[in-house]
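Novice: Numbering (the working numbering), first residue to last: 13 to 75. The structure follows.
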């Protein structure tokens with residue numbers, strides 16, 4: 013009912029949009045973490061860098 017009131021009665025489309033938003037945020041967070049690690053260590057580990065909007069694992073600073 014809530015979705016119908018909002019004019020969004022296609023829940024699959026909403027879920028797809030939410031997944032896209034989460035993937036974009038994950039990519040941004042991964043990029044920020046990689047940048048932070050790079051700044052702290054003074055190294056530029058390109059293998060740890062993730063493209064903006066590209067979902068991926070968080071860089072592991074112990075590896």
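Don't be surprised by glycine CBs; every beta carbon is placed ideally from N, CA and C.
1. In this structure, how does DSSP classify residue 54 when only helix, strand and coil are distinguished?
2. Could you confirm whether any beta carbon from chain B is found closer than 9 Å to the beta carbon of residue 23?
3. Determine the burial state of residue 42: buried for a count of at least 16 other Cβ atoms within 10 Å of its Cβ, exposed for fewer.
Specialist: Taking the definition as stated:
1. Taking the chain shown and counting its residues from 1, the one referred to as residue 54 is at position 42. Coil, per DSSP.
2. The structure shown has no chain B; it contains just one protein chain.
3. Within the chain shown, numbered from 1, the residue matching residue 42 stands at position 30. It is buried - the Cβ of residue 42 has at least 16 other Cβ atoms within 10 Å.
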